[in-house]
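To convert, take the position in the sequence shown, counting from 1, and add 1; that gives the numbering used here.
The C-beta atom is built at its ideal place from N, Cα and C for all residues, glycine as well.
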Amino acid sequence: MKAKPRKPNEVVELTRCHVADIDRERFLEIFRQIIEDFNSVCHVYCLMTNHYHSVAKPSGTVTAQILE
């Protein structure tokens with residue numbers, strides 16, 4: 002199901018990516034590993050059914066490397 006874009010050229014897809022508890026657990030496992038691998042600190046996160054928000058601070062690592 003697609004929602005109405007709020008900005009020009011914005012695509013909004015409302016596909017659930019975390020359907021079951023195992024999906025959420027796996028995502029958090031991967032997220033934790035990325036935070037550790039890049040020696041970063043995650044201050045807060047919010048995991049929703051189709052996306053997530055996080056506030057993380059990289060330590061001595063270029064942010065672009067984390068996002069690759």
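- Under DSSP, the beta-bridge partners assigned to residue 54 are 47.
- A direct Cα-Cα distance of roughly 10 angstroms separates residue 21 from residue 27.
- In this structure, the CA atom of residue 45 is about 18 angstroms from the CA atom of residue 19.
- In this structure residue 57 is not in contact with residue 31, their Cβ atoms being roughly 14 angstroms apart against a cut-off of 8 angstroms.
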